[in-house]
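Engineer: First the structure, then my questions, so here it is.
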DNA sequence: CCCTTCTGATTACAGACGTAATCATAACTA
DNA sequence: TAGTTATGATTACGTCTGTAATCAGAAGGG
């Protein structure tokens, strides 16, 4: 499998829609982004083109239009981006990162329960 | 206080050194980065210049050289970068982010204890 | 059959970025 | 005092990014 290409900030916006609705037409993407970003249609098309050229997206031809889908799972892209982030900002160590976001965030009762459970699981398989 | 400018990937490398040793000369930075990055001296100087122009760094003149220091704390830059990251990749919600990094990371006994404590604190002040 | 329209492709373009060579100037050394 | 050296400034330059206008071809409407 190919090296994970970098996804830029604007491209993430497009990918979000794709992962939610793939395989999806350019039209659908433009519509889905309409309320969120003030992008002209050509702008979205350009992003799609770049993502295809980078190998992040593929498409199947359907009549005169394309249906785009991702060649990498969201999970794998999240993992790559997460690694780059923790390297850049936390010097590669996850614990300070966790501590940071724990402090920053407001968590619901349920969130806390879930995270506690994850911690317990973590403890279990050591 | 001024808007937090964006810090690029290469710039973070420089900032790491600055926050550790500020106020610091260009020479020190070049030396500190020597083992880590294969950057020529002019490259580092350029990054310093850009950071100054962006308002992230300031310097005091000391004889023929400058001593650089940060105009923003590491914490505040980490916070800004963290916000941008959680928005981009986790659609703004911290809990999935925490879950993700919890699963990804291998934690020591001590790490787990620390995180549990943070969770308890979180619970306390709800 | 011609005109509009939809859709992807091509081109554009300014600013950011990574990386660095070169320049000017002051200081140090022989 | 002239040449070397250290240091910041200026210039360079290809690529990436964000944002978009324009183009070409196909398809549908009259």
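Chains as they are written, first to last, in the working numbering: chain A, 26 to 151; chain B, 26 to 151.
Beta carbons: idealized from backbone N, C-alpha and C, even for Gly.
On a Cα-Cα basis, can you pick out the residue from 61/A, 28/A, 52/A that is closest to residue 37/A?
Structural biologist: Of 61/A, 28/A, 52/A, the residue nearest in Cα terms is 61/A.
Engineer: Once DSSP output is grouped into helix, strand and coil, what is the label at residue 110/A?
Structural biologist: Residue 110/A: helix per DSSP, three-state reduction.
Engineer: Have a look at residue 135/A and residue 114/A and give me their C-alpha separation to the nearest angstrom.
Structural biologist: Distance between the alpha carbons of residue 135/A and residue 114/A: 28 Å.
Engineer: Hey, does residue 97/A have any beta-carbon neighbour from chain B nearer than 9 Å?
Structural biologist: Judged by the 9 Å Cβ criterion, residue 97/A is not in contact with chain B.
Engineer: Could you spell out the range, first to last residue, of the beta strand (DSSP E) harbouring residue 82/B?
Structural biologist: Segment 82-87, the beta strand (DSSP E) holding residue 82/B.
Engineer: Round the Cβ separation of residue 91/A and residue 43/A to the nearest angstrom and send it over; I've been treating them as touching at under 8 Å.
Structural biologist: With a Cβ gap of about 12 Å, residue 91/A and residue 43/A do not count as contacting.
Engineer: Across which residues does DSSP place residue 124/B in a beta bridge pair?
Structural biologist: DSSP, once it has assigned bridges, lists no residue as partnering residue 124/B.
Engineer: Which word fits residue 39/A, buried or exposed, when buried means at least 16 other C-beta atoms lie within 10 angstroms of its C-beta?
Structural biologist: Result: buried.
Engineer: Are the CB atoms of residue 76/B and residue 51/B within a distance shorter than 9 Å?
Structural biologist: Going by C-beta atoms, residue 51/B is not nearer than 9 Å to residue 76/B.
Engineer: Answer with yes or no whether the minimum CB distance from residue 54/A to chain B is below 9 Å.
Structural biologist: Output row for residue 54/A: interface = no.
Engineer: With a threshold of 7 Å on Cβ separation, who are the neighbours of residue 122/A within its own chain once the five nearest residues in sequence on each side are excluded?
Structural biologist: The answer, listed in chain order, is 111, 115.
Engineer: Expressed to the nearest angstrom, what Euclidean distance is found between the alpha-carbon atoms of residue 105/B and residue 149/A?
Structural biologist: Using only the alpha carbons, I get a separation of about 34 Å.
Engineer: Could you give the DSSP three-state label for residue 39/A: helix, strand or coil?
Structural biologist: Helix, per DSSP.
Engineer: Please list the partners that residue 107/A has in chain B, where partner means a Cβ-to-Cβ separation under 9 Å.
Structural biologist: Near residue 107/A (Cβ distances below 9 Å), the residues of chain B are 110, 114, 122, 125, 126, 129.
Engineer: Would you please verify whether the beta carbon of residue 41/A is less than 9 Å from any beta carbon of chain B?
Structural biologist: Output row for residue 41/A: interface = yes.
Engineer: Does the Cβ of residue 107/B have 16 or more other Cβ atoms within 10 Å, making it buried, or fewer, making it exposed?
Structural biologist: Burial call: buried.
Engineer: Span of the beta strand (DSSP E) holding residue 96/A?
Structural biologist: Taken as a continuous stretch (DSSP letters only), residue 96/A belongs to no beta strand (DSSP E), as it is neither H nor E.
Engineer: Mind listing the chain A neighbours of residue 132/B? Cutoff is C-beta to C-beta under 9 Å, in chain order.
Structural biologist: In chain order: 119, 120, 123, 144, 147, 148, 151.
Engineer: Select from 78/B, 109/B, 82/B the residue whose C-alpha is nearest the C-alpha of residue 41/B.
Structural biologist: Cα-wise, what sits closest to residue 41/B is 82/B.
Engineer: Mind listing the chain B neighbours of residue 141/A? Cutoff is C-beta to C-beta under 8 Å, in chain order.
Structural biologist: 141, 144, listed in chain order.
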